[in-house]
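Note sheet for the following structure.
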Amino acid sequence: MDRSRVLVERIRAVLEAAGGAVSLARYMEMALYEPGLGYYERTPRIVGRGGDFATSVSVGSLFGELMAYWIEHEISASEGLSDGPLEIVEAGAHDGQWAEDILEALMRGAGRGCDRLSYRIVEPSATRQAWQRERLARFGDRVAWSEAMPDRVRGVILSNELLDAFPVERWRWSAAQRRWVEQGVCWKDGRFDWIALPTSAPAEWNLPDELESVLPEGFVRERSPAAVAWWARAAAALQDGCLITFDYGLEAEEFLTPGRSAGTLRAYHRHRVSDDLLSSPGEVDLTAHVDFSAVAEAARQEGLTPWYRERQSRFLMRILEATQRSPGGFQDWSTPRVRAFQTLTHPEHFGRSFRVLAQGRGASPWSRA
Ligand SMILES: C[S@@+](CC[C@H](N)C(=O)[O-])C[C@H]1O[C@@H](n2cnc3c(N)ncnc32)[C@H](O)[C@@H]1O
Numbered sequence: 365m366d367r368s369r370v371l372v373e374r375i376r377a378v379l380e381a382a383g384g385a386v387s388l389a390r391y392m393e394m395a396l397y398e399p400g401l402g403y404y405e406r407t408p409r410i411v412g413r414g415g416d417f418a419t420s421v422s423v424g425s426l427f428g429e430l431m432a433y434w435i436e437h438e439i440s441a442s443e444g445l446s447d448g449p450l451e452i453v454e455a456g457a458h459d460g461q462w463a464e465d466i467l468e469a470l471m472r473g474a475g476r477g478c479d480r481l482s483y484r485i486v487e488p489s490a491t492r493q494a495w496q497r498e499r500l501a502r503f504g505d506r507v508a509w510s511e512a513m514p515d516r517v518r519g520v521i522l523s524n525e526l527l528d529a530f531p532v533e534r535w536r537w538s539a540a541q542r543r544w545v546e547q548g549v550c551w552k553d554g555r556f557d558w559i560a561l562p563t564s565a566p567a568e569w570n571l572p573d574e575l576e577s578v579l580p581e582g583f584v585r586e587r588s589p590a591a592v593a594w595w596a597r598a599a600a601a602l603q604d605g606c607l608i609t610f611d612y613g614l615e616a617e618e619f620l621t622p623g624r625s626a627g628t629l630r631a632y633h634r635h636r637v638s639d640d641l642l643s644s645p646g647e648v649d650l651t652a653h654v655d656f657s658a659v660a661e662a663a664r665q666e667g668l669t670p671w672y673r674e675r676q677s678r679f680l681m682r683i684l685e686a687t688q689r690s691p692g693g694f695q696d697w698s699t700p701r702v703r704a705f706q707t708l709t710h711p712e713h714f715g716r717s718f719r720v721l722a723q724g725r726g727a728s729p730w731s732r733a
């Protein structure tokens with residue numbers, strides 16, 4: 365039997381054991397991550413031109429080089445990190461490409477404090493760890509792996525398009541009942557289908573009267589407690605330095621706008637986007653916009669302070685400006701590198717919808733500069 369059919373049978377068995385329905389988050393957990401069968405378990409080659417979607421990492425090594433520069437110049441100078449070991453912790457590393465780009469750039473800058481740096485990948489999947497270990501073998505014991513976030517990190521915890529890959533719940537507005545109804549997954553007429561669940565929406569989703577009376581029937585919104593919990597856990601681990609992520613997402617109030625009535629969850633296959641979310645578990649990527657308000661609030665509660673919450677383009681421009689203030693500290697701008705920078709920052713590529721969220725212990729040294 366092929367992997368997709370095995371996965372379908374496995375999800376059906378879980379549905380049956382749960383009485384016929386599970387939350388979308390449980391379905392997504394299996395569709396994306398079921399060991400050996402889920403979408404992210406099958407092949408490293410889903411990112412980039414020959415895969416299903418592009419990321420800033422797949423644009424080329426420039427994104428990693430800019431991060432390496434930022435780590436060397438901002439993170440190294442931040443409170444509590446001017447000497448002693450400094451750890452770079454990456455999650456969502458997939459095939460290890462970003463780690464390779466960052467490490468290579470840092471090694472080129474060797475002599476500027478590189479010997480105190482180490483790189484750790486947090487990777488719960490044995491399959492993906494194997495892909496990463498193969499790619500990063502030449503860096504020897506400078507790279508280490510853990511299945512979960514370490515208890516204490518001094519340095520930077522970074523990720524690109526990690527939070528959008530967490531399972532989400534899906535909620536649909538019932539105008540008649542004036543409440544959010546959770547949309548779970550069931551098996552009906554030979555395929556996966558939506559079914560209403562008897563759960564209650566979180567209290568913070570209670571709407572003001574004026575909005576409650578106009579929100580249209582069927583308005584959809586997602587919620588990812590798993591992404592928020594991951595960010596809170598990373599924030600708690602951070603002793604000194606910064607927790608940073610790049611992703612597409614919105615602030616809480618931006619979700620409840622007319623253009624978002626179908627929610628943000630989408631399926632991706634071969635660079636095509638589809639709203640057919642349940643038809644091919646294991647064969648398509650399922651991804652939803654990050655709720656930056658919810659994740660930022662979780663880290664605020666862990667005592668982190670705001671560093672950056674802006675478009676990716678603005679943040680990368682800041683790094684570019686810093687490289688220009690200290691000439692010689694960054695590779696020359698060849699035509700392909702200029703083109704890569706444009707792709708990372710242009711509104712029609714990664715510039716508009718991609719944002720950076722960075723929160724740290726203490727203030728950012730660059731904001732004090
Ligand atoms: C959209 S891909 C991004 C890959 C890469 N960062 C890039 O930008 O090209 C998301 C990755 O996050 C991984 N992931 C999801 N949940 C994770 C978790 N809890 N810990 C570590 N990685 C996770 C997925 O397996 C997948 O490899």
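With the working numbering as the guide, the letters of the sequence shown map in order to residues 365 to 733.
By construction, the Cβ of each residue, glycine as well, lies at the ideal position given by its N, Cα and C atoms.
Where residue i falls: helix, strand or coil (DSSP)
i, result
"Val532", "coil"
"Asp655", "strand"
"Arg719", "strand"
"Gly504", "helix"
"Arg367", "helix"
"Arg480", "helix"
"Ala455", "strand"
"Ser731", "helix"
"Ala669", "Correcting the residue identity first, residue 669 is Thr in this sequence and not Ala. Residue state, collapsed to three classes: strand."
Residue i: first and last residue of the uninterrupted beta strand (DSSP E) it sits in
i, result
"Glu685", "It is not in any beta strand (DSSP E) - Glu685 instead sits in the alpha helix (DSSP H) that spans 676-689."
"Phe556", "555-560"
"Leu522", "517-524"
"Gln547", "543-552"
Opening and closing residue of the alpha helix (DSSP H) in which residue i lies
i, result
"Thr621", "That residue, Thr621, is in no alpha helix (DSSP H); it is neither H nor E in DSSP."
"Gln461", "461-472"
"Gln706", "699-709"
Rounded Cβ spacing between residue i and residue j (contact assumed at less than 8 Å)
i, j, result
"Asp465", "Ser425", "4 Å"
"Tyr612", "Phe718", "6 Å"
"Leu721", "Phe656", "5 Å"
"Leu445", "Asp604", "5 Å"
"Ala385", "Val549", "7 Å"
"Trp551", "Leu379", "6 Å"
"Val637", "Ala591", "With a Cβ gap of about 20 Å, Val637 and Ala591 do not count as contacting."
"Glu468", "Trp462", "Contact doesn't hold; Cβ gap of about 11 Å is too wide."
"Arg587", "Trp535", "7 Å"
| Touch check for the region 443-452 and the region 477-485: three-plus C-beta pairs under 8 Å? | Contact between the region 443-452 and the region 477-485 is present, because at least three Cβ pairs lie under 8 Å.
| said: Quick check on the DSSP output: what are the complete alpha helix (DSSP H) runs of length 4 or more inside the region 392-450, in order along the chain? | reply: 403-406, 426-437
| Is there contact between the region 658-669 and the region 420-439, where contact requires at least three CB pairs shorter than 8 Å? | no
| said: Across the region 408-419 and the region 669-680, are there enough close Cβ pairs to call them in contact, namely three or more that are closer than 8 Å? | reply: Here the region 408-419 does not lie against the region 669-680, with fewer than 3 beta-carbon pairs under 8 Å apart.
| query | Do the region 589-602 and the region 638-650 make contact, defined as three or more Cβ pairs closer than 8 Å? | reply | no
| task | Enumerate, from N- to C-terminal direction, the unbroken alpha helix (DSSP H) stretches of 4 or more residues contained entirely within the region 573-654. | result | 573-576, 589-601, 616-619
| task | Check whether the region 570-583 touches the region 504-524, counting contact only when three or more Cβ pairs, one atom from each stretch, lie closer than 8 Å. | result | no
| Validate contact between the region 684-699 and the region 397-411 using beta carbons, cut 8 Å, 3 pairs | As far as the Cβ criterion goes, the region 684-699 does not touch the region 397-411, which means the pair count is below three.
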